Ligand SMILES: NC(=O)c1ccc[n+]([C@@H]2O[C@H](COP(=O)([O-])OP(=O)(O)OC[C@H]3O[C@@H](n4cnc5c(N)ncnc54)[C@H](O)[C@@H]3O)[C@@H](O)[C@H]2O)c1
């Protein structure tokens, strides 16, 4: 392993499953030293083998910032103990299972063993940080950084403070993520679903309702996003979209078009049971389009498309502008 320079950032990854190993790639690509620790024997070494394969694919898509896979890989190592992983880390990213009791226990261990100047960050998908950090002495340095999988291809990451998280912790985390090529969404306070799952949930609920009430097919809903709205959404958000969709900007858009939407919102209040009767339509339709034994192939295809899109977005941002 190459010897880290004095100014090099040191990070620890606790739990080296899907998300832990993916963060390791992202942090190491940005130049940070990464120590992986997992409670399961051999898991961190397995993660490093996996990372090695991904780095080759990233290099082929020019997604390693001009570095070789070997250079990035040399910054990542497996630690034999949690203490060893935490020894130098000033950013600790926790990626253990989404179980409250596990998070509580792991954060107790992290708060006791990490350097006093380390930020302790959880990748939790849906647990509010206040639920597993309240009793800790160092609760002010605890925060959530929720990624979308895999974070080395998808820059957005939700930064969610507990009520006691210090502003300095939020700011350090935000700056670290930016330096690692991420796009942090910094919440002002914690809320169930954070930002992205609330938006995704609203869209999914309407997609299920359109099918459940017999207005649209499963494939037509997907077409509307894939070949419609998501083309713009892959490089601008909903507010910028509407700002550009009326001659006078966002206020003009709202004055012209709010009526259309306020008319339909009352029809959008009824909850749909996603796994209920409607699933008897949705699942067979999906399985006709994609047989169950092809799901894994299609996941590989999705990851290749995502890599190509990430490469395109980097190039387009340079050539056309962000
Ligand atoms: N998978 C996703 O798409 C995704 C996306 C965003 C956030 N997350 C969140 O990331 C976290 C991890 O999810 P994942 O998908 O990587 O799970 P995973 O099952 O792939 O990995 C969990 C890892 O934690 C290890 N582990 C279990 N208990 C431990 C402990 N006490 N100390 C250290 N290591 C321990 C396991 O051995 C395993 O390697 C969860 O909170 C999840 O909600 C997942």
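Numbering (my numbering), first residue to last: 3 to 324. All C-beta atoms in this analysis are idealised placements derived from N, C-alpha and C, irrespective of residue type, glycine included. Model, not experiment: these values are computed from the prediction.
Would residue i be called buried (16 or more neighbouring beta carbons within 10 Å of its own) or exposed?
i           : result
residue 8   : Note on residue 8: pLDDT 48, under 50, position unreliable in the model; the coordinate value appears next. With fewer than 16 Cβ atoms within 10 Å of its Cβ, residue 8 is classed as exposed.
residue 18  : buried
residue 314 : exposed
residue 238 : exposed
residue 271 : exposed
residue 317 : exposed
residue 303 : exposed
residue 153 : buried
residue 13  : buried
residue 201 : exposed
Could you tell me the boundaries of the alpha helix (DSSP H) in which residue i lies?
i           : result
residue 95  : Not the alpha helix (DSSP H): residue 95 falls in the beta strand (DSSP E), residues 93-96.
residue 186 : Careful: residue 186 lies outside any alpha helix (DSSP H), inside the beta strand (DSSP E) at 185-188.
residue 135 : 132-135
residue 197 : Looking at the DSSP string, residue 197 is not in any alpha helix (DSSP H), and its letter there is neither H nor E.
residue 228 : Careful: residue 228 lies outside any alpha helix (DSSP H) and carries neither H nor E.
residue 160 : Segment 158-163 is the beta strand (DSSP E) holding residue 160; no alpha helix (DSSP H) there.
residue 73  : 71-75
residue 84  : 84-88
Below 6 Å CB to CB, which residues in the same chain sit around residue i once its five sequence neighbours on both sides are set aside?
i           : result
residue 6   : At residue 6 the pLDDT is 44, less than 50, meaning the model places this residue with poor confidence; the figure from the coordinates comes in the next sentence. Closer than 6 Å at Cβ, skipping near neighbours: 35.
residue 371 : The chain is shown only over 3 to 324; residue 371 falls outside these bounds and no answer can be derived.
residue 146 : 124, 126, 131 and 162
With a threshold of 7 Å on Cβ separation, who are the neighbours of residue i within its own chain once the five nearest residues in sequence on each side are excluded?
i           : result
residue 186 : 159, 161, 176, 179 and 180
residue 308 : 155
residue 305 : none
residue 2   : No answer is possible for residue 2: the residues shown for the chain start at 3 and end at 324.
residue 284 : 213 and 220
Going by alpha carbons, who is nearest to residue i out of the options?
i           : options               : result
residue 213 : 173, 246 and 275      : 275
residue 168 : 197, 131, 157 and 193 : 131
residue 151 : 216, 234, 21 and 105  : 21
residue 108 : 90, 10 and 144        : 144
residue 65  : 157, 230, 290 and 244 : 157
Using a Cβ-Cβ cut-off of 8 Å (strictly less than) and excluding sequence neighbours within five positions of residue i, which residues of its own chain qualify?
i           : result
residue 331 : Outside the shown range of the chain, which is 3 to 324, sits residue 331, and nothing can be said about it.
residue 165 : 132, 191 and 192
residue 40  : 16, 17, 18, 19, 22, 46 and 49
residue 241 : 252
Following the continuous beta strand (DSSP E) through residue i, name the residue where it begins and the one where it ends.
i           : result
residue 35  : 35-39
residue 147 : 144-149
Environment of ligand 1 in chain order, Cβ to heavy atom below 6 Å: 16, 17, 18, 19, 20, 21, 22, 40, 41, 42, 45, 97, 98, 99, 100, 104, 108, 125, 126, 127, 148, 149 and 151
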